[in-house]
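Residue numbers (my numbering), protein chains in the order written: chain A, 1 to 263; chain B, 1 to 263; chain C, 1 to 263.
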Amino acid sequence: MASRPVIALLTDFGQRDHYVGAMKGVVATVCPEAATVDITHEIPPQDIRAAAYELAAAWPYFPEGTVFLAVVDPGVGTRRLAIAARIGACFYVGPDNGTTDLVVVNRPVAEAVLLTNPTYTRPSVSATFEGRDRFAPAAAWLARGTPLASFGSATTLSARLLWTEPHASGEDLVGEILHVDRFGNLVTNIDRRCAALAAGVARISVADRVGVSLVHTYGEAPEGSVVALVGSTDRLEIAVVGGNAAMSLGVGRGAPVRVLKGA
Amino acid sequence: MASRPVIALLTDFGQRDHYVGAMKGVVATVCPEAATVDITHEIPPQDIRAAAYELAAAWPYFPEGTVFLAVVDPGVGTRRLAIAARIGACFYVGPDNGTTDLVVVNRPVAEAVLLTNPTYTRPSVSATFEGRDRFAPAAAWLARGTPLASFGSATTLSARLLWTEPHASGEDLVGEILHVDRFGNLVTNIDRRCAALAAGVARISVADRVGVSLVHTYGEAPEGSVVALVGSTDRLEIAVVGGNAAMSLGVGRGAPVRVLKGA
Amino acid sequence: MASRPVIALLTDFGQRDHYVGAMKGVVATVCPEAATVDITHEIPPQDIRAAAYELAAAWPYFPEGTVFLAVVDPGVGTRRLAIAARIGACFYVGPDNGTTDLVVVNRPVAEAVLLTNPTYTRPSVSATFEGRDRFAPAAAWLARGTPLASFGSATTLSARLLWTEPHASGEDLVGEILHVDRFGNLVTNIDRRCAALAAGVARISVADRVGVSLVHTYGEAPEGSVVALVGSTDRLEIAVVGGNAAMSLGVGRGAPVRVLKGA
Chain A
1 MASRPVIALL TDFGQRDHYV GAMKGVVATV CPEAATVDIT HEIPPQDIRA AAYELAAAWP
61 YFPEGTVFLA VVDPGVGTRR LAIAARIGAC FYVGPDNGTT DLVVVNRPVA EAVLLTNPTY
121 TRPSVSATFE GRDRFAPAAA WLARGTPLAS FGSATTLSAR LLWTEPHASG EDLVGEILHV
181 DRFGNLVTNI DRRCAALAAG VARISVADRV GVSLVHTYGE APEGSVVALV GSTDRLEIAV
241 VGGNAAMSLG VGRGAPVRVL KGA
Chain B
1 MASRPVIALL TDFGQRDHYV GAMKGVVATV CPEAATVDIT HEIPPQDIRA AAYELAAAWP
61 YFPEGTVFLA VVDPGVGTRR LAIAARIGAC FYVGPDNGTT DLVVVNRPVA EAVLLTNPTY
121 TRPSVSATFE GRDRFAPAAA WLARGTPLAS FGSATTLSAR LLWTEPHASG EDLVGEILHV
181 DRFGNLVTNI DRRCAALAAG VARISVADRV GVSLVHTYGE APEGSVVALV GSTDRLEIAV
241 VGGNAAMSLG VGRGAPVRVL KGA
Chain C
1 MASRPVIALL TDFGQRDHYV GAMKGVVATV CPEAATVDIT HEIPPQDIRA AAYELAAAWP
61 YFPEGTVFLA VVDPGVGTRR LAIAARIGAC FYVGPDNGTT DLVVVNRPVA EAVLLTNPTY
121 TRPSVSATFE GRDRFAPAAA WLARGTPLAS FGSATTLSAR LLWTEPHASG EDLVGEILHV
181 DRFGNLVTNI DRRCAALAAG VARISVADRV GVSLVHTYGE APEGSVVALV GSTDRLEIAV
241 VGGNAAMSLG VGRGAPVRVL KGA
């Protein structure tokens, strides 16, 4: 563990209520030397897919040993399991509900445990706010160097969502929009290793726009153009230069995007 | 004071403007070793009741010695007093306007002072932004260990809002909705010590729903059900499992909630 | 550089996406001891004028040596330059696009360099997210004490926006609204040195309100009054006591405000 451990938070709690603050108060009580960093608290309520997307997008940019405390938890108060896991060089603390789906695609899960040892929870655990009473203390104790095995018995990450993968359709590749960001950029599930993208010869269709050009940077096309490019998460994105593609094209998450190989 | 003092911020400044950043800049100038933690900055403008609710909800989860810097201040530029106080094991810095109402219900106010000593304000104090020029420096000097008595002469917390308490109506108990959270959960002013709740036999009515069941966790009822439960702040809450009670029921702050004892 | 360097962030990335979190992860990797402070991430997308206003408003309240990491960057992926500069006692890291316009009005630019040395970028720099891959690492290396000259060759701040200055019109002074804050206060480009304001005798007109009174604090006028006062950024502001001037008056950025000298 580095001299100043990092706890990165991702929730759907928003910023209007005291919920995130209470979690950070618990962290500061258990591990005052930890630095807490917000990834986002604006995941749409109970949207595990969005949580999985954002967690995987942020993960590679944090230092080794970072504890990712991710609480998007529609199952709070049900039988879903509370876990901590070492994944790659970092840790995950949260519900076992699929939030780690896109992180574990290319990182080994070295160890996972149930968060059952009451030594490392708050004295009383609310049935509706395990983020504060179970997950935040676990993250803080982990940041202090407590071994995973102390928290509870070994388990495996079990929950998985169904994710659509891009598929071939004739000569084309058909994927879909995974995420719409603040700027209206449309991030797809097609990654940079797609052959046509890698060759730089693809043309793309989305909504009723056929033959959108693939560019390397926004600067290659005039203001207002619809363009496609490999974005900062190494996925194909559709953007409008200086504008908002989601609004211009009227599409959102789940809409199909087609890479036309016969370009 | 702990090795790394915590300053917890709560304001109605929002996050669009530079106001919170400027306060944190002042804190970093006076007390670089302090960790600042946001409770929320999304209190509705000038809504002291909401501030009092959120402050009391977050307070128990912070370490001893925490300085709560709470600036919801419709009276800035009027005669309301600027104070600092030791309440329980922590400190409050802000206007004396009722923000601490729900914190002091079950914690002693050990000492309170006026923030008049110009040694501990910025050199010039804006008539419209005492948060930056008076309260933030006071919080930072407190976090550095400056004794309360150095800031100004002793005072007492004087301002109090009128809060409605639950009252009996025949065999029932009638309370009201104190707060609607991000998920649409309706938090009431009825706390867990209410006899019928403690006995676990209550049925609840809210809006036109009569006989809402009391549960212990969301998992006890099917998706979409209206349920009542004791929430994470130890108050009775009305929720919709996997949904938004405020939207489903069309009610908000101030709406009556009735605990039916004859259940 | 102080024992605990401060990196102050200002972007238009919002808080829904992982973008700010990824930048902070990069900072924590390079310079774990830095404290990151958010000024705001809610600059309207690609609005350099708003960024320049907020940066200049927050700047004076941060400690010496603070690194301001400001990424409002409509030109990402075009020929605009990536720079770092020492301005007054602090540092700016970001695009050379006018974001520093209002900061440099009264502070010397001691040194400016291009951010071209790949030693201080991430190994691969995304064409769409230099905030994460070029600017965040540069800010963190600066916070660690890396000399400016190590980042690249010397340059000068070149980009400048056109800013409207108040102008005389007969005996009056005509300015405009620079910014509408969260409370609906209308901040103008007329500063406290304007003679009529300094003399305290001005009457102000805005929208269809003629003869708005100049006050020193909100407390001087009854709730609901439209007033003018010198606000916390030393600029003339129009406010409604206990209300929202932007909504009451129906005006926004760019609207004219007139100081009537013949009052």
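Every residue, glycine too, gets a C-beta built ideally from N, C-alpha and C.
First through last residue of the alpha helix (DSSP H) which encompasses A/ALA34:
One-based indexing of the first sequence puts residue 34 of chain A at position 34. Annotation: A/ALA34 is outside any alpha helix (DSSP H) and is labelled neither H nor E by DSSP.
Between the region 206 to 228 of chain C and chain B, which residues of the former have a C-beta closer than 7 Å to a C-beta of the latter?
From the region 206 to 228 of chain C, only HIS216, THR217, TYR218 and GLY219 have a Cβ closer than 7 Å to chain B.
Give the DSSP-derived three-state secondary structure of B/LEU10 in the structure shown.
Mapped onto the second sequence, residue 10 of chain B falls at position 10. Reduced to three states, the DSSP call for B/LEU10 is strand.
With 8 Å as the threshold, decide whether the Cβ of C/PRO63 is near any Cβ in chain B.
Residue mapping note: residue 63 of chain C aligns to position 63 of the third sequence, counting from 1. At a cut-off of 8 Å, the C-beta of C/PRO63 has a neighbouring C-beta in chain B.
Note down, in chain order, all residues in the region 16 to 32 of chain A with a beta-carbon under 7 Å from any beta-carbon belonging to chain B.
Listed by position, the residues of the region 16 to 32 of chain A near chain B (Cβ gap below 7 Å) are ARG16, ASP17, HIS18, GLY21, ALA22, LYS24, GLY25, VAL26, ALA28, THR29 and PRO32.
If A/ALA269 sits next to A/LEU157, beta carbons under 8 Å apart, how far is it from one beta carbon to the other, in whole angstroms?
A query on residue 269 of chain A cannot be resolved here, the shown segment of chain A reaching from 1 to 263 and no further.
Based on DSSP bridge pairs, tell me the residues matched to A/LEU69.
Taking the first residue of the first sequence as position 1, residue 69 of chain A is located at position 69. Per DSSP, A/LEU9 and A/VAL93.
Determine the burial state of A/LEU161: buried for a count of at least 16 other Cβ atoms within 10 Å of its Cβ, exposed for fewer.
Taking the first sequence and counting its residues from 1, one reaches residue 161 of chain A at position 161. Counting Cβ neighbours within 10 Å, A/LEU161 comes out exposed, since fewer than 16 surround it.
Kindly indicate if chain A contains any beta-carbon less than 8 Å away from that of B/GLU171.
The residue you call residue 171 of chain B lines up with position 171 of the second sequence. By this cut-off, B/GLU171 is not an interface position.
Would you identify the three-state DSSP class for C/GLU223, choosing helix, strand or coil?
Position 223 of the third sequence holds residue 223 of chain C. C/GLU223 falls in the coil class under three-state DSSP.
Might you give, ordered along the chain, the residues of its own chain that have their beta carbon closer than 8 Å to the beta carbon of B/GLY152, omitting 5 neighbours on each side?
The sequence position of residue 152 of chain B within the second sequence is 152, counting from 1. Take B/GLY152, set aside five residues on each side of it, and the residues of its chain with a beta-carbon closer than 8 Å to its own are VAL113, LEU114, LEU115, THR116 and ASN117, in chain order.
For the alpha helix (DSSP H) that A/SER248 lies in, which residues bound it at each end?
As a position in the first sequence, residue 248 of chain A is number 248, starting the count at 1. Secondary structure note for A/SER248: its alpha helix (DSSP H) is the uninterrupted segment 245 to 249.
Proximity test, Cβ basis, 8 Å: A/SER248 and chain C
Along the first sequence, read from residue 1 onward, the residue named residue 248 of chain A stands at position 248. Taking Cβ atoms only, chain C never reaches closer than 8 Å to A/SER248, which makes this a no.
Integer Cβ distance of A/PRO95 from A/GLY77, believed to fall under 8 Å:
As a working note, residue 95 of chain A is residue 95 in the first sequence. As a working note, residue 77 of chain A is residue 77 in the first sequence. That pair is no contact at about 11 Å.
If I measure Cβ to Cβ from B/GLY211 and keep anything under 8 Å in the same chain, skipping five residues before and after, which residues do I get?
Within the second sequence, residue 211 of chain B is the residue found at index 211, counting from 1. Excluding sequence positions up to five before and after B/GLY211, its CB lies within less than 8 Å of the CB of ARG203, ILE204, SER205, LEU260 and ALA263, all in the same chain and listed in chain order.
Alpha-carbon spacing of B/ARG193 relative to B/ALA199, whole angstroms:
Taking the first residue of the second sequence as position 1, residue 193 of chain B is located at position 193. Taking the first residue of the second sequence as position 1, residue 199 of chain B is located at position 199. One C-alpha to the other measures close to 9 Å.
To the nearest angstrom, report how far apart B/ALA149 and B/VAL26 are at their CA atoms.
Taking the second sequence and counting its residues from 1, the one referred to as residue 149 of chain B is at position 149. Taking the second sequence and counting its residues from 1, the one referred to as residue 26 of chain B is at position 26. Rounded to whole angstroms, B/ALA149 and B/VAL26 show a C-alpha spacing of 21 Å.
Within a Cβ cutoff of 6 Å, which residues of the same chain sit near A/GLY88, ignoring the five residues on either side of it in sequence?
Taking the first residue of the first sequence as position 1, residue 88 of chain A is located at position 88. ARG107.
Identify every residue that forms a DSSP beta bridge with A/LEU173.
Your numbering for residue 173 of chain A matches position 173 in the first sequence. A/LEU173 pairs with A/ALA168 and A/VAL259.
Is A/ALA89 close to chain D? Criterion is C-beta to C-beta, closer than 8 Å.
In the structure shown, chain D cannot be found, because the protein chains are A, B and C.
Please state the DSSP three-state secondary structure of A/ASN189.
Within the first sequence, residue 189 of chain A is the residue found at index 189, counting from 1. DSSP places A/ASN189 in the strand class (E or B) of the three-state scheme.
Since C/GLN15 contacts A/THR40 with CB under 8 Å, what's their CB separation in whole angstroms?
Here residue 15 of chain C refers to the residue found at position 15 when the third sequence is read from its first residue. Here residue 40 of chain A refers to the residue found at position 40 when the first sequence is read from its first residue. Contact flag correct, Cβ pair sits at about 6 Å.
Residues in its own chain within less than 8 Å of A/ALA255 by CB, not counting five upstream and five downstream?
Indexing the first sequence from 1 puts residue 255 of chain A at position 255. Within its own chain, the residues whose Cβ lies closer than 8 Å to the Cβ of A/ALA255, once the five positions on either side in sequence are excluded, are GLU176, ILE177, LEU186, VAL206 and ALA207, listed in chain order.
C/GLY242 CB to nearest chain B CB: under 8 Å?
Mapped onto the third sequence, residue 242 of chain C falls at position 242. Output row for C/GLY242: interface = yes.
The region 56 to 72 of chain B in contact with the region 163 to 172 of chain B per 3-pair CB rule at 8 Å:
Counting Cβ pairs under 8 Å, fewer than three are found: no touch.
Kindly identify the DSSP beta-bridge partner or partners of A/LEU229.
As a first step, residue 229 of chain A is located in the first sequence; it is residue number 229 there, counting from the start. Checking the DSSP bridge columns, you'll see A/LEU229 partnered with A/GLU237.
Evaluate contact between the region 127 to 135 of chain A and the region 228 to 244 of chain B, counting only Cβ atoms and requiring at least three cross-stretch pairs below 8 Å.
Per the Cβ contact rule, the region 127 to 135 of chain A is in contact with the region 228 to 244 of chain B (3 or more Cβ pairs under 8 Å).
CB B/VAL72 to CB B/ILE48, shorter than 8 Å?
On the second sequence, residue 72 of chain B is found 72 positions in, with the first residue counted as 1. On the second sequence, residue 48 of chain B is found 48 positions in, with the first residue counted as 1. Yes, Cβ-Cβ distance for B/VAL72 and B/ILE48 is below 8 Å.
DSSP beta-bridge partners of A/SER205
Here residue 205 of chain A refers to the residue found at position 205 of the first sequence. In DSSP, A/SER205 forms a bridge with A/ARG258.
For the putative contact between B/CYS281 and B/PHE62, defined by C-beta atoms under 8 Å, what is the C-beta separation to the nearest angstrom?
Nothing can be reported for residue 281 of chain B, as the shown portion of chain B is limited to 1 through 263.
Label B/GLY98 either buried or exposed according to how many other C-beta atoms from any shown protein chain fall within 10 Å of its C-beta, with 16 as the threshold for buried.
One-based indexing of the second sequence puts residue 98 of chain B at position 98. Result: buried.
Just the chain C side, please: which residues come within less than 9 Å of A/PHE183 by C-beta, in chain order?
Indexing the first sequence from 1 puts residue 183 of chain A at position 183. Those within 9 Å of A/PHE183 in chain C are ASP12, PHE13, GLY14, ASP17, PRO45 and GLN46.
Closer than 7 Å at the beta carbon, the chain B residues around C/ILE39
Here residue 39 of chain C refers to the residue found at position 39 of the third sequence. The contacting residues are HIS18 and GLY21.
Please report the straight-line C-alpha distance between A/GLY145 and C/PRO44, rounded to a whole angstrom.
Residue mapping note: residue 145 of chain A aligns to position 145 of the first sequence, counting from 1. Residue mapping note: residue 44 of chain C aligns to position 44 of the third sequence, counting from 1. Near 41 Å, if we compare the C-alpha coordinates of C/PRO44 and A/GLY145.
C/SER124 to A/PRO123, Cα distance in whole Å?
Your numbering for residue 124 of chain C matches position 124 in the third sequence. Your numbering for residue 123 of chain A matches position 123 in the first sequence. Whole-angstrom Cα-Cα distance: 46 Å.
Straight-line gap, C/GLN46 to C/ASP101 (C-alpha atoms, nearest Å):
In the third sequence, counting from the first residue as 1, residue 46 of chain C sits at position 46. In the third sequence, counting from the first residue as 1, residue 101 of chain C sits at position 101. Here the alpha carbon of C/GLN46 sits roughly 15 Å from the alpha carbon of C/ASP101.
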